[in-house]
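The structure under discussion appears below in the form of structure tokens.
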Amino acid sequence: MGIQIRRAEVSDLDAVIPLFDAYRVFYKKSSDLAGVKAYLSGRFALGDAVILLAFHDEDPVVGPPIGFTLLLPTWSSVALGRVFTLNDLYVVEEGRKAGAGRAMLEAAHEHARSEGAVRVSLRTAVDNETAQRLYRAVGYQRDEVFSAFDFHL
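Using the numbering used here, the first residue of the sequence shown is number 31, and each one after it goes up by one.
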């Protein structure tokens, strides 16, 4: 069984909400369907993110998505070019090991190329070894030059 990827549309909102909520729960956040709906509605309204959905081959129109990835466009002053941050990637348990994660990464790379981007960047939990193996397998390299820092407000 293969995987199909397509860009999410606002009409997909109700199908994406439970996936996005499950993703947040995976990262030890409390379920918040209303908050997720507001967040995703904002992304669609502002057009400031690209959400890609993964489906089993036979279901890209009517079946539920089995995964999603969310890309945020930004710019790199050092690289003098557009960069996409692969902010989120999630595949439901029953869809794992079917190639959905890899297919979404490849689709994300293709989208970034089509926008003239110079790089796709991501961060993942230090203990998410499964994701790290996938990222390395498709060519991601750990940044040995820059350290990531956050200032929480």
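By construction, the Cβ of each residue, glycine as well, lies at the ideal position given by its N, Cα and C atoms.
Compare the Cα-Cα distances from R172 to each of H182, T154, V148 and report the closest residue.
T154
Which of the three DSSP states is assigned to V156 in this structure?
coil
Under 8 Å by Cβ, that's how I've got L101 and V80 pegged, so tell me the actual separation to the nearest angstrom.
4 Å
Between V175 and T104, what straight-line distance do the alpha-carbon atoms span, to the nearest angstrom?
19 Å
L83: buried (16+ other C-beta within 10 angstroms of its C-beta) or exposed?
buried
Rounded separation between A138 and Y165 - CA only
12 Å
Closest by CA to L110, which one among A64, G146, G131?
G146
Tell me which residue opens and which closes the alpha helix (DSSP H) that I96 is part of.
Note, I96: premise wrong, no alpha helix (DSSP H); not H, not E.
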